[in-house]
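First comes the structure, then the notes that go with it.
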Amino acid sequence: AKVRQIQAMRMARAAAKGLIPAPGVGSDPHQAVHSPKELGIEDFGKARIVQWFPGHIAKAEKALKEQLKMVDVVIEVRDSRCPLATEHPKLGEWTQHKNRLLAINRMEAITSADREKWTKYFRLAGMEPYWTNGKEGKGIEELLRAAIDLSKPVNEARKNRGLLPRAPRVVIVGYPNVGKSALINRLTKKRAVESAPKVGVTRQLRWVRLGTKMDNPNDGIDLLDTPGLLPMRQEDQFAAQKLAMCNEIGEASYLASVVAEEMIALINSTHGERFLSRLGERYSLEPPQSRDTIHRFTEDVAAKLFKGELEMAGRRILQDFQIGKFGPIALEYPSESDLRRADEDPNF
Numbered sequence: 019a020k021v022r023q024i025q026a027m028r029m030a031r032a033a034a035k036g037l038i039p040a041p042g043v044g045s046d047p048h049q050a051v052h053s054p055k056e057l058g059i060e061d062f063g064k065a066r067i068v069q070w071f072p073g074h075i076a077k078a079e080k081a082l083k084e085q086l087k088m089v090d091v092v093i094e095v096r097d098s099r100c101p102l103a104t105e106h107p108k109l110g111e112w113t114q115h116k117n118r119l120l121a122i123n124r125m126e127a128i129t130s131a132d133r134e135k136w137t138k139y140f141r142l143a144g145m146e147p148y149w150t151n152g153k154e155g156k157g158i159e160e161l162l163r164a165a166i167d168l169s170k171p172v173n174e175a176r177k178n179r180g181l182l183p184r185a186p187r188v189v190i191v192g193y194p195n196v197g198k199s200a201l202i203n204r205l206t207k208k209r210a211v212e213s214a215p216k217v218g219v220t221r222q223l224r225w226v227r228l229g230t231k232m233d234n235p236n237d238g239i240d241l242l243d244t245p246g247l248l249p250m251r252q253e254d255q256f257a258a259q260k261l262a263m264c265n266e267i268g269e270a271s272y273l274a275s276v277v278a279e280e281m282i283a284l285i286n287s288t289h290g291e292r293f294l295s296r297l298g299e300r301y302s303l304e305p306p307q308s309r310d311t312i313h314r315f316t317e318d319v320a321a322k323l324f325k326g327e328l329e330m331a332g333r334r335i336l337q338d339f340q341i342g343k344f345g346p347i348a349l350e351y352p353s354e355s356d357l358r359r360a361d362e363d364p365n366f
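Quick note on my numbering: the sequence shown kicks off at 19 and runs consecutively.
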C-alpha cells in the first residue's frame, strides 16, 4: 500500500512540473500565491495521504462536549505558522455559548511583521489574538488575565443568586502538538501535565488547579487540559499537509519525504532565494532550482546522511523546519484584500 501511495505522489508531482517559482520569485510573501491550485499541488491533495483519527481523540471529543457544560472560558490554541489550518471546524459550534479566547502559540516561529499582519486579520474578524511562547512563557500572563476577566460575570451571577463564589473554570483546546500542555505548565509554574514535542502525549482530559491558597479553595483557576482534537476527516488536504509539516498529525498518516518536498515547494513560493540558500547551507548541498529537482535534493540528503533512506531524509528536513533551523517561517499569510480592509477600517 505504501508503494502505491508513493507512486501516486510521484504521478501527482509529475502533473505539476515547472510550477515551483524560480529562486527569488515571491520574496515578498504577501505578493505570493496561496491556494493549492495556484501552487500547482492540487493533484497532490487529491491523493489524500493525510488521514488520522485515533480512538483516544474520538473519546476525548465526546468527553469534552460533556465538560464544556461546566466551563466558563474556552482558550483555543493555534500554531503561528498555520493559524488557519489549526482552526478546528467544529469548535465554534461546540462553544457557541461560551466566552472564547484565541491564543496563537509558537510566536517565535514567525517574524514580528507576520504577527502584526495576523493581528490585523483576526481583529478584523472580531477576535483579539494573544501571542504566546509556551517554552519561554511569553504572553502567558496576559492570556491568564484575559481569562480571569471573562469569567468574572459567572461569580457575579452566583452572588446574585445567594451562592458562594468558585474558581473560574477554563478549558484549553486545540489541535495535537500546538503547545496546550506546555502553556498549562507555564501557567502553573510546574510540570503539572505531561508535555513533549510530539503528537498524542495527552490522551485524556485532566483538571489542574492554578494558584490555590490553603485557606481559600476558591482562590485560583481550574484549568482543563485536553488531548489534541482533529476532525474525523481531513477534507482540506492542503491544510492537512501543513499539519504534517508542523508535526501536528500522526507520522503514520503520511510519507515524510513527500510532505518535506511539498513543504520546500510551498515555502519557496513565498520566501524564494532566501529559503533556498538556507536549505542548501543546512545540508551543504546545491539547493533545488525547479520543482523537478526537489525530489533529487531529498535523494541527495538521503544519500549524504542516511545511506539512501528517503523517509529518514524527509523526517530530518521536516524536523529542521519544526525547530527553526531555516529561520522564522510562516506557512500561511492573510490575503492582501483582508489586510487592505484592516488598513481602511477606522477602528484599526
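In this text, a Cβ means the ideal position worked out from N, Cα and C, and glycines have one as well.
Distance check between S275 and each of D318, D240, E266, Y139 places D318 closest, using alpha-carbon atoms only. Close CB contacts of A164 within its chain, under the 6 Å cut and outside five residues either way in sequence, are with L119 (chain order). Note on the segment 82-147: whole alpha helix (DSSP H) runs with a minimum of 4 residues are 109-112, 130-142, in chain order.
Within the segment 222-296, the alpha helix (DSSP H) runs of at least 4 residues that lie entirely inside it are, in chain order, 255-263, 274-289. R358: member of the alpha helix (DSSP H) spanning 354-362, first to last residue.
In this structure, the straight-line span from the alpha carbon of R314 to that of Q255 is close to 24 Å. In the three-state scheme derived from DSSP, where H, G and I count as helix and E and B as strand, I312 is classed as helix.
Judged by DSSP secondary structure, G192 falls within the beta strand (DSSP E) whose first and last residues are 187-192. The Cβ atoms of G332 and T311 lie no closer than 8 Å to each other. Using a Cβ distance threshold of 8 Å, R99 and A127 count as a contacting pair. In the structure shown, N178 falls within a helical segment according to DSSP collapsed to helix, strand and coil.
By the neighbour-count criterion, in which a residue is buried when 16 or more other Cβ atoms sit within 10 angstroms of its Cβ, L181 is exposed. Collapsing the DSSP output to three states places K156 in a strand. Look at N195 here: in three-state DSSP terms it is coil, with no helix or strand label. K116 is a Cβ neighbour of V92, given a cutoff of 8 Å. For the 8 Å CB-CB criterion, D90 and V226 do not form a contact. Residue burial annotation: Q222 is exposed, with fewer than 16 other C-beta atoms found within 10 angstroms of its C-beta. Contact between the segment 124-141 and the segment 267-283 is absent: fewer than three C-beta pairs spanning the two stretches fall below 8 Å.
Distance from the CA of A175 to the CA of K108, rounded to the nearest whole angstrom, comes to 29 Å. Looking at I190, P194, N195, S169, the one whose alpha-carbon comes closest to that of P183 is S169. Of the other Cβ atoms in all chains shown, fewer than 16 fall within 10 Å of the Cβ of R358; this residue is therefore exposed.
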